[in-house]
Amino acid sequence: MKLLVIGSGGREHAIAKKLKKSPKVQSVYCLPGNPGMKRDGIEIAAIEQDDHKSLIEFAKNHKVAWTIIGPEVPLFNGLADAFEAEGLKVFGPSQAATQIEASKRFAKQLMTQQRIPTADYQTFTDYETAKAYLAEQGAPIVIKADGLAAGKGVVVAETAAEAQTALKEMMQDNKFGDSSASVVIEECLVGEEFSLMAFVNGDQIYPMPISQDHKRLLEQDKGPNTGGMGAYAPVRHIPEATVDAAIEKILVPAAKGMSAKGAPFKGILYAGIIATDEGPKTIEFNARFGDPETQVVLNRLESDLAEVITSVLAGKEPELKWKQEGIDLGVVVAAKGYPEAYEKEIPLDLIASESVELFFAGVTERNQQLVSNGGRIYLAAAAGETIEAAQSLIYDWLNQNDKQQLIYRKDIGDKAKQKNCK
Ligand code: AMP
Ligand code: GLY
Numbered sequence: 325m326k327l328l329v330i331g332s333g334g335r336e337h338a339i340a341k342k343l344k345k346s347p348k349v350q351s352v353y354c355l356p357g358n359p360g361m362k363r364d365g366i367e368i369a370a371i372e373q374d375d376h377k378s379l380i381e382f383a384k385n386h387k388v389a390w391t392i393i394g395p396e397v398p399l400f401n402g403l404a405d406a407f408e409a410e411g412l413k414v415f416g417p418s419q420a421a422t423q424i425e426a427s428k429r430f431a432k433q434l435m436t437q438q439r440i441p442t443a444d445y446q447t448f449t450d451y452e453t454a455k456a457y458l459a460e461q462g463a464p465i466v467i468k469a470d471g472l473a474a475g476k477g478v479v480v481a482e483t484a485a486e487a488q489t490a491l492k493e494m495m496q497d498n499k500f501g502d503s504s505a506s507v508v509i510e511e512c513l514v515g516e517e518f519s520l521m522a523f524v525n526g527d528q529i530y531p532m533p534i535s536q537d538h539k540r541l542l543e544q545d546k547g548p549n550t551g552g553m554g555a556y557a558p559v560r561h562i563p564e565a566t567v568d569a570a571i572e573k574i575l576v577p578a579a580k581g582m583s584a585k586g587a588p589f590k591g592i593l594y595a596g597i598i599a600t601d602e603g604p605k606t607i608e609f610n611a612r613f614g615d616p617e618t619q620v621v622l623n624r625l626e627s628d629l630a631e632v633i634t635s636v637l638a639g640k641e642p643e644l645k646w647k648q649e650g651i652d653l654g655v656v657v658a659a660k661g662y663p664e665a666y667e668k669e670i671p672l673d674l675i676a677s678e679s680v681e682l683f684f685a686g687v688t689e690r691n692q693q694l695v696s697n698g699g700r701i702y703l704a705a706a707a708g709e710t711i712e713a714a715q716s717l718i719y720d721w722l723n724q725n726d727k728q729q730l731i732y733r734k735d736i737g738d739k740a741k742q743k744n745c746k
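Here's what the structure looks like:
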């Protein structure tokens, strides 16, 4: 069969590469994709993710069996509905179901209805009321833009002053445009964070191993939140009982709640969770694969991803086998300046490696050479028996490929080491 992936980042590279490994798959197209993907035999074409008409035409002309949509924006814009209206199979939620990610307010209402554990919160559309509430609550406290903000619309404020600045930027200075016209202010949860993703079709839920993202820009989780600076899977120091509780108390009722609301979920449901002393609590839902978690989690899948998704789409139980031993780790390499204004056109003359795998994101081609054109450029991934082994493979390789214009965190996975977890 022929398959289509929509998107152009490292997550889509990882999905497409895994699909390409299936003996049942002839071709994998990624639209618009990026030139780094061509190294893995993924076929790309310059059709943008907002050009629904051309994407549909491409899927029809190439007779693709089904399509998977990677990023949130096309999902939120109803691309899955547009494909289905044309009789094309698609693994991705309807526009109505993407509200679970697109609106923090919707997600909070769902959690209340389904008694899903989460932080206490209030939503505000009026700046003065929100300001007074903040003054009353003190710090630490969390302020979130209601709508989509590319992973940057959340401020965990350590001080009351920081909280007021963040609120003003969002509600008065319109930092995220309409996305921050309404904000959610919530209790700061204390505990370790993990990501739990599952293949979902209605009330059928097939969880993946948990992973851990590193959202802050700088080492030791300092600096601003980013789209993710690295990840590893599995997270062995989080007890299995916590993961089981998260599946039962978070994922299952979330999927059931979406069906009950008349917006059944189909695709990848992602829960960002904090393991608190009172058990796992939800900090967010995403209606798609996480980036950069996907780049490490899919490498743990021993089953055929194309068959898994084909089964889930048909409402059948997929065969899911996951690697039990070792660790998969990935480090994001970004352009200096990211997540604010960053350097562009950085030449990427990368040394080939047997043990380090690259998933490309913000890259383009100049005279047949890869150069950067985005903030997050690529993710370097490796598998090792231990965290240390995977780290040395990646960091040794990164040392050889280091450039002044590039930045990356040197402590991805250290949290697992501190817990004496191999
Ligand atoms: P989100 O975009 O909602 O995942 O938030 C970005 C990051 O902010 C999360 O990955 C957490 O590290 C942090 N965060 C969000 N909500 C909370 C909360 N209620 N308590 C503590 N940290 C939070
Ligand atoms: N890694 C977090 C996200 O994909 O939103």
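Residue numbering for the sequence shown follows our numbering, starting at 325 and increasing by one per position. Every residue gets a Cβ at the ideal spot worked out from N, C-alpha and C, and that includes glycine. All values reported here derive from a predicted model rather than from experimental measurement.
Pull up the distance between the alpha-carbon of residue i and that of residue j, whole angstroms please.
i, j, result
"K668", "G614", "25 Å"
"G416", "H386", "19 Å"
"E493", "E396", "24 Å"
"P588", "T634", "18 Å"
"S351", "D374", "23 Å"
"G333", "F684", "6 Å"
"A340", "A555", "19 Å"
"V508", "F518", "21 Å"
"L328", "T391", "5 Å"
"R560", "L593", "21 Å"
"D497", "Y451", "11 Å"
"F382", "E516", "43 Å"
"W580", "P531", "Going by the sequence as given, residue 580 is Lys instead of Trp. Distance between the alpha carbons of K580 and P531: 15 Å."
"A487", "A740", "30 Å"
"N725", "K362", "21 Å"
"Y457", "I467", "12 Å"
"R335", "G394", "7 Å"
Taking 9 Å as the threshold (C-beta atoms), are residue j and residue i in contact?
i, j, result
"C354", "E372", "no"
"T442", "S506", "no"
"L672", "I718", "no"
"Q438", "F430", "no"
"M521", "T606", "no"
"A484", "A611", "no"
"L403", "V388", "no"
"V655", "L722", "yes"
"T550", "A658", "yes"
"M553", "K539", "yes"
"H376", "G360", "no"
"A578", "L434", "yes"
"K440", "L379", "With the sequence shown as reference, residue 440 is identified as Ile, and Lys is not the correct amino acid for it. Going by C-beta atoms, I440 is not nearer than 9 Å to L379."
"K640", "S627", "no"
"K342", "L682", "no"
Is residue i close to the ligand GLY? I mean its beta-carbon at under 8 Å from any heavy atom of the ligand.
i, result
"P616", "yes"
"A638", "no"
"Y732", "no"
"D628", "no"
"K539", "yes"
"G552", "yes"
"Y556", "no"
Closer than 8 Å: is that where the CB of residue i sits relative to any heavy atom of the ligand AMP?
i, result
"E608", "yes"
"K739", "no"
"I562", "no"
"E517", "yes"
"G462", "no"
"E510", "yes"
Quick one: which unbroken alpha helix (DSSP H) runs of 4-plus residues sit fully inside the region 550 to 593? Chain order, please.
564 to 570 and 576 to 584
Would you list, in sequence order, the uninterrupted alpha helix (DSSP H) runs of no fewer than 4 residues that lie entirely inside the region 628 to 692?
629 to 637
Inside the region 387 to 466 only - alpha helix (DSSP H) runs reaching at least 4 residues
396 to 400, 403 to 409, 423 to 426, 428 to 437 and 451 to 461
Which runs of the beta strand (DSSP E) spanning at least 3 residues fall entirely within the region 516 to 555, listed in chain order?
516 to 525, 528 to 531, 540 to 542 and 546 to 549
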